[in-house]
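J.:
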Amino acid sequence: MRMRIKWLASLAAVLALTSLLAQAVPANAAKTKKTELLVSAAASLKDSLGDIEKQYEKTHANIDLTFNFGSSGTLQKQIEQGAPADLFFSAGQKQMDALKKEELVDTSATILRNSLVMIVSSDSDLAFTTVKELTAKSIKKVAIGQPESVPAGQYAKETLTARKTWDALQDKLVYAKDVRQVLNYVETGNADAGFVYRTDALTSRKARIAINVDARAHAPIVYPAGIVKATEHPAEAKAFFAYLKTKEAAAVFAKYGFITD
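Note that the sequence shown covers residues 4 to 264 in the numbering used here.
1) Looking only at its chain, what residues have a beta carbon closer than 7 Å to the beta carbon of residue 246, apart from the 5 residues adjacent to it on each side?
2) Write down every uninterrupted run of the alpha helix (DSSP H) in the stretch 54-107 whose length is 4 residues or greater and which is fully enclosed by it, in chain order.
3) What is the DSSP secondary structure of residue 183, counted as helix, strand or coil?
4) Closest to residue 154 by C-alpha separation, out of 73, 110, 104, would be which residue?
5) Measuring straight from C-alpha to C-alpha, what distance separates residue 32 and residue 67?
6) Taking the alpha carbon of residue 63 as the point to measure from, which residue in 142, 248, 239 has its own alpha carbon closest?
7) Going by DSSP in three states, residue 150 sits in which element: helix, strand or coil?
8) Can you give me the start and stop residues for the beta strand (DSSP E) that residue 227 sits inside?
9) Identify which residue in 147, 113, 170, 57 has its Cα closest to the Cα of residue 230.
10) If you draw a straight line from the alpha carbon of residue 28 to that of residue 37, how long is it in whole angstroms?
11) Using CA atoms only, rank isn't needed, just tell me which of 220, 216, 244, 211 is closest to residue 122.
12) To the nearest angstrom, how far is it from the Cα of residue 70 to the Cα of residue 182?
13) Residue 235 by DSSP, collapsed to three states: which one?
14) According to DSSP, simplified to helix, strand and coil, what is residue 33?
15) Output needed for residue 150: all residues of its chain with C-beta closer than 7 Å, excluding positions within five of it in sequence on either side, in chain order.
16) Using the Cα positions of residue 189 and residue 148, report the straight-line distance between them to the nearest angstrom.
Shown next as structure tokens:
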């Protein structure tokens, strides 16, 4: 009988301890649960933000950065249609202004600047001194981003219009969904030349810069970032937004060729 009582007492103690542990696990798990921040960002930021992600998460263990890369115009439309996003990092002021006008973005600021270049494949023997030379019969295809949705395409159109070659090139233009697709078209020989940001050209071993486009030929190339009003994590979004403006982040962007103020 005594042995049975002793056994029951031990069992009760084990059950009590198990109950306490079961209650403690959810509490501890809640403390270590990460907050996912979704950043809709221009395709040209893919490499630099990859480094920013690693750097930021090292010092913010509770944050899991997730990026949705694409053309700024496409990302703008997604946010307008209610797609989830905590921050928007655009390659053009036009797209940010549209979202602010619709009161879909609260706080915003210009983080970076960039420049436009014309590229050819690394093994191409083509040489250019002006974009007007794209009208030569030897040039069959010229790749640019879709001007309506890709800021780099908009800047390319402005440049070609300023140089009075836009109309003459209509039959040669190949439109891409974003600036990285333009780069790919040139790298693979599907276009003789293309217009991308300098930062994109610097990432490639299969393409080279043929012309550095005069900045006066197009609108200023700026990269504004903003906090999406519908974010479910305003404090975390604000903290990451602030980090993008730090010297630490600027060093990463500068490494990839971006111009920081």
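Built from N, CA and C at the ideal position, the CB exists for glycine as well. Fair warning: this is a prediction, and the values are worked out from it, not measured in the lab.
T.: Taking the definition as stated:
1) Counting from 1 along the sequence shown, the entry for residue 246 is found at position 243. Excluding sequence neighbours, residue 246 sits near 59, 252.
2) 75-83, 96-104
3) Residue 183 sits at position 180 when you count from the first residue of the sequence shown. Helix, per DSSP.
4) Residue 154 sits at position 151 when you count from the first residue of the sequence shown. Here the closest residue by C-alpha is 73.
5) Working through the sequence shown from its first residue, we reach residue 32 at position 29. Working through the sequence shown from its first residue, we reach residue 67 at position 64. Low confidence applies here, because residue 32 scores a pLDDT of 45, under 50, leaving its location unreliable and the question unanswered by this model.
6) The sequence position of residue 63 within the sequence shown is 60, counting from 1. The option with the nearest alpha carbon to residue 63 is 239.
7) Taking the sequence shown and counting its residues from 1, the one referred to as residue 150 is at position 147. Of the three classes helix, strand and coil, the one that applies to residue 150 here is coil, per DSSP.
8) Position 224 of the sequence shown holds residue 227. Element bounds for residue 227: 225-231.
9) As a working mapping, residue 230 is identified with position 227 in the sequence shown. The candidate whose alpha carbon is nearest that of residue 230 is 113.
10) Within the sequence shown, residue 28 is the residue found at index 25, counting from 1. Within the sequence shown, residue 37 is the residue found at index 34, counting from 1. For residue 28, the predicted structure reports a pLDDT of 47, less than 50, and the residue's modelled location is therefore unreliable. The matter cannot be settled from this model.
11) Numbered from its first residue, the sequence shown carries residue 122 at position 119. Among 220, 216, 244, 211, the Cα nearest to that of residue 122 belongs to 211.
12) As a working note, residue 70 is residue 67 in the sequence shown. As a working note, residue 182 is residue 179 in the sequence shown. Roughly 17 Å between the two C-alpha positions.
13) Numbered from 1 along the sequence shown, position 232 holds the residue referred to as residue 235. Secondary structure of residue 235 (DSSP, three-state): coil.
14) Here residue 33 refers to the residue found at position 30 when the sequence shown is read from its first residue. Caution applies to residue 33, whose pLDDT of 47 falls short of 50 and renders its modelled position unreliable; the model cannot decide the point.
15) Start at 1 with the first residue of the sequence shown, and residue 150 comes out as number 147. Only residues of its own chain outside the window of five on either side were considered, and among them 156, 157, 160 have a CB closer than 7 Å to the CB of residue 150, listed in chain order.
16) By 1-based counting over the sequence shown, the position of residue 189 is 186. By 1-based counting over the sequence shown, the position of residue 148 is 145. Near 12 Å, if we compare the C-alpha coordinates of residue 148 and residue 189.
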